[in-house]
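Notes follow once the structure below has been shown.
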Amino acid sequence: MRKLFTTKNIVRIAIFGVLSFLLYLIRIPLPFLFPSFLELHVSEVPALMGGFMLGPLGGCLVILIKTALKLIFVGTSSGYIGELADIIIASAFVLPASLIYRKFRTKKGAAISLVAGSTISVIAALLANAYLLIPFYCKFYGMDAVVGLLKGLFQNVTEDSILKYYLPFSVLPFNALRCVLSSTLTFFLYKRLESALDKLFNEEPKRLIKQRESCILSHMISTSEEQTFLQGEKLAMSLKGGEIILLSGDLGAGKTVFTKGIAKGLGITEEVTSPTFALLNVYDGGRLKLYHYDCYRLSSGQEAEERGLTEFFGDKDGVCVIEWPQVISDVLPPDVIEAEILYSGEGKREIKINDKQTKS
47 MRKLFTTKNI VRIAIFGVLS FLLYLIRIPL PFLFPSFLEL HVSEVPALMG GFMLGPLGGC
107 LVILIKTALK LIFVGTSSGY IGELADIIIA SAFVLPASLI YRKFRTKKGA AISLVAGSTI
167 SVIAALLANA YLLIPFYCKF YGMDAVVGLL KGLFQNVTED SILKYYLPFS VLPFNALRCV
227 LSSTLTFFLY KRLESALDKL FNEEPKRLIK QRESCILSHM ISTSEEQTFL QGEKLAMSLK
287 GGEIILLSGD LGAGKTVFTK GIAKGLGITE EVTSPTFALL NVYDGGRLKL YHYDCYRLSS
347 GQEAEERGLT EFFGDKDGVC VIEWPQVISD VLPPDVIEAE ILYSGEGKRE IKINDKQTKS
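For the sequence shown, position 301 (counting from the first letter as 1) is numbered 347 according to my numbering, and the numbering increases by one without interruption.
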């Protein structure tokens with residue numbers, strides 16, 4: 047929460063909120079496909095980007111700012127019921143998408159998050175229309191007026207069959223189109239806009255790592271999982287953000303245990319598991335985020351870049367722990383921390399930690 051409400055993030059949220067409102071003003075009617083009162087817009091794109099960049103709460107705040115600006119400058123013709131439904135439908139899109147992307151911050155994760163958010167948003171739109179909007183409009187404007195608006199597309203519609211026609215043939219395809227368009231724009235524009243905002247705030251590209259003032263060098267023999275865990279926890283105490291830890295060792299050497307220790311040292315309470323199949327697990331809730339990679343199933347550094355896995359290298363709000371780093375050695379920055387866990391006799395592990403820096 048404290049990290050969200052920094053000056054820079056508040057400005058980001060405000061920018062996204064204004065962009066969302068401006069996009070709301072650009073509405074495209076599709077009279078040959080949908081009733082005249084359904085106008086297509088992509089105002090949720092900035093909210094999705096805000097959710098991806100700042101988390102679910104940031105995305106929802108963008109939605110609220112857009113709605114507030116709409117009420118101030120445009121007003122309401124629905125007694126605020128339409129605005130309430132818009133908040134529900136947009137939040138149903140942004141919340142699940144940003145929650146999933148927060149956990150799986152890759153291109154594949156972004157695609158999955160947008161599909162999930164789209165699905166939930168369409169369902170929310172169906173429910174909101176069935177139980178909130180249509181009953182309100184029928185009462186507020188009169189049943190005959192609502193039926194008349196639908197007659198142009200559905201000649202056989204009656205008072206008893208409004209939902210039968212309107213939900214599957216208007217609400218469902220209209221909101222599916224809205225979500226597909228917003229998702230596509232978000233997927234292809236998000237990283238570009240994030241880079242532009244970084245430049246606006248004079249932030250270093252996330253791929254760059256600041257040189258640390260002092261080397262971290264440790265060499266010890268661990269005789270138990272507890273000692274391996276404590277060594278990881280000890281390392282975490284010295285981390286300030288932006289570090290990349292290259293974690294190597296044979297299968298079963300204790301790399302996951304060591305990473306659990308790092309998570310504990312960062313104040314992360316979530317259970318750390320091996321990201322073998324996910325490639326990247328993201329853990330939040332501590333003083334720094336933990337990006338835990340397993341590159342065993344990758345073919346090269348180029349594949350890591352194509353999957354968006356390298357975008358967190360040097361993130362000053364997090365720490366990267368990379369298992370099987372040799373697979374992506376061609377895209378790793380020069381300043382890294384190498385942690386090697388080697389078998390050293392029965393029940394023993396030799397743990398070497400070395401901070402490699404670029405000489406200035």
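Just so you know, even glycine gets a beta-carbon here, dropped at the ideal spot from N, CA and C.
| Query | Result |
| --- | --- |
| Delimiting residues of the beta strand (DSSP E) encompassing G295 | I290 to G295 |
| Reference E272; option with closest CA among N327, G393, S216 and L355 | G393 |
| Contact check, G101 vs L179, beta carbons under 8 Å | no |
| Close Cβ partners of V217 (< 7 Å) along its chain, the five nearest in sequence each way excluded | A171, L172 and N175 |
| Buried or exposed by the 16-neighbour rule on C-beta atoms within 10 Å, applied to I308 | buried |
| Bounding residues of the beta strand (DSSP E) (the contiguous stretch that carries D376) | Where D376 is concerned, there is no enclosing beta strand (DSSP E), given that its DSSP letter is neither H nor E. |
| A114 (DSSP reduced to helix, strand or coil) | helix |
| Extent of the continuous alpha helix (DSSP H) to which L145 belongs | I127 to K149 |
| A324 (DSSP reduced to helix, strand or coil) | coil |
| Span of the alpha helix (DSSP H), counted from its first residue to its last, around E317 | Where E317 is concerned, there is no enclosing alpha helix (DSSP H), given that its DSSP letter is neither H nor E. |
| Buried or exposed (CB count within 10 angstroms, at least 16 for buried), H338 | buried |
| Bridge partner(s) assigned by DSSP for H265 | K398 |
| Selected residue, minimal CA-CA separation from S229, among V365, G347 and A157 | A157 |
| Beta carbon of G354 nearer than 8 Å to that of K153 | yes |
| Own chain, CB closer than 8 Å to F275, minus 5 neighbours either side, in chain order | V303, F304, K306, G307 and K310 |
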